[in-house]
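Student: Each residue of the sequence shown is one higher than the one before, starting from 0 at the first, in numbering that gives the first Met the number 0.
By construction, the Cβ of each residue, glycine as well, lies at the ideal position given by its N, Cα and C atoms.
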Amino acid sequence: MLKVKQLKISYGGILAVNGIDLEVRTGELVSLIGSNGAGKTSTLKAIAGMISWQSGEILFNEVPSSGKSYELLARGMALVPEGRGIFTRMTVLENLQMGAYSRKDGEIEVDLEKMYSFFPRIKERSKQLAGTLSGGEQQMVAMARALMSRPKLLLLDEPSMGLSPILVDTIFEVIERIAKAGMTILLVEQNAQRALEISDRAYVLESGQISIEGKAEDLIKDPRVSAAYLGA
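Take a look at the structure:
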């Protein structure tokens with residue numbers, strides 16, 4: 000579904016991502032892990048059409064990316080950005096409706112109920128301004144809003160950042176549930192242990208380059224990954 004070939008991203012002459020290759024196949028949950036500044040978010044933003052890249056190629060369903068986020072959204076790619084990016088002055092319900100703004104089908108109400116089943120807490124707050132919610136609740140709204148577009152590929156950027164351990168558990172349970180229902184997911188996450196536990200495959204990004212890749216179950220056992228990211 001997604002292929003990234005020799006991607007390079009620079010900021011003011013500084014190379015942030017240096018010729019990486021990665022792939023996400025239909026139905027997979029793939030994680031991209033690494034430390035702060037490794038280039039994870041830059042990679043995800045380039046894939047989503049949020050920033051430009053210097054060279055390389057991004058293919059989504061075998062079609063080269065236009066680099067325009069609105070076109071990628073129309074083709075079935077949705078991003079849950081780092082920091083959530085919700086509409087704080089809109090209600091929870093209005094945020095979810097915005098996620099479905101490009102849809103023309105008659106099943107939006109059905110999907111709203113599905114989102115509420117994933118995240119019962121935001122159903123209780125559906126009429127509340129999103130900006131008044133806790134960080135964890137805002138993350139739930141951001142994920143539900145992205146899912147309301149019925150994406151073929153869901154991009155998640157640091158969904159557990161800044162959350163309490165209990166809410167981290169909730170978020171990862173929902174991600175795993177969505178993946179088991181057939182959603183294709185690319186997950187960027189600093190919590191390497193939790194990401195690898197629910198992923199099919201993973202890539203380790205270090206200083207803008209892929210240093211290790213493989214099945215998630217193998218990476219958990221890899222001493223290099225354990226020493227650097229799993230606290231072993």
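Cα-Cα, which of Asn94, Gly82, Ser198 and Lys126 is closest to glycine 26?
Tutor: Among Asn94, Gly82, Ser198 and Lys126, the Cα nearest to that of glycine 26 is on Ser198.
Student: Can you pull the DSSP bridge partners for serine 9?
Tutor: Answer by DSSP bridge pairing, in chain order: Leu14.
Student: I'd like to know if the region 108-122 and the region 139-156 are in contact, where contact means that at least 3 CB-CB pairs between them fall below 8 Å.
Tutor: A contact exists between the region 108-122 and the region 139-156.
Student: Is it true that the region 185-193 meets the region 158-173, where meeting means three or more beta-carbon pairs spaced less than 8 Å apart?
Tutor: Yes, they touch.
Student: With DSSP as the reference, label tyrosine 202 as helix, strand or coil.
Tutor: Correct three-state label for tyrosine 202: strand.
Student: Are the CB atoms of tyrosine 115 and isoleucine 107 within a distance shorter than 8 Å?
Tutor: Not closer than 8 Å, so no.
Student: Compute the Euclidean distance between the alpha carbons of arginine 74 and glutamate 61, then round it to the nearest angstrom.
Tutor: Whole-angstrom Cα-Cα distance: 12 Å.
Student: Go through its chain and collect everything with a Cβ distance to asparagine 94's Cβ below 6 Å, but skip five positions before and after it.
Tutor: These residues qualify, in order along the chain: Ile85, Phe86, Ala129, Val140 and Arg144.
Student: Look at the Cβ atom of valine 224, then the Cβ atom of isoleucine 211, and state whether they are nearer than 8 Å.
Tutor: Contact: yes.
Student: CB serine 30 to CB alanine 47, shorter than 8 Å?
Tutor: No, they are not a contact pair.
Student: Would you give the residue range spanned by the alpha helix (DSSP H) that threonine 42 belongs to?
Tutor: First-last of the alpha helix (DSSP H) with threonine 42: 39-46.
Student: Whose C-beta lies closer than 6 Å to the C-beta of alanine 15 among residues of the same chain, with five residues either side of it excluded?
Tutor: Here the set comprises Ile8, Gly38, Ser41 and Gly207.
Student: Pull up the DSSP beta-bridge partners for glutamine 208, would you.
Tutor: Paired residue(s): Glu205.
Student: Between leucine 28 and alanine 178, which are expected to be in contact by the criterion C-beta below 8 Å, what is the C-beta distance as a whole number of angstroms?
Tutor: Confirmed, about 4 Å.
Student: Could you tell me the distance, in whole angstroms, from the CA atom of isoleucine 219 to the CA atom of valine 3?
Tutor: So the alpha carbons of these two residues sit roughly 24 Å apart.
Student: Please report the residue range of the beta strand (DSSP E) in which glutamate 56 lies.
Tutor: Its beta strand (DSSP E) spans residues 54-59.
Student: Measure the C-alpha to C-alpha separation of phenylalanine 59 and leucine 154 and round it to an integer number of angstroms.
Tutor: Spanning the two alpha carbons is a distance of roughly 13 Å.
Student: Apart from the five residues on each side of it in sequence, which residues of its chain come closer than 6 Å, Cβ to Cβ, to leucine 43?
Tutor: The residues are Leu154, Asp156 and Val187.
Student: Could you check if glutamate 216 is buried or exposed, using at least 16 other CB atoms within 10 Å of its CB as the buried criterion?
Tutor: It is exposed - the Cβ of glutamate 216 has fewer than 16 other Cβ atoms within 10 Å.
Student: Please name the residue, chosen from Asn35, Leu92, Val79 and Gly18, that lies closest to isoleucine 57 on a Cα-to-Cα basis.
Tutor: Isoleucine 57 has its Cα closest to that of Gly18, out of Asn35, Leu92, Val79 and Gly18.
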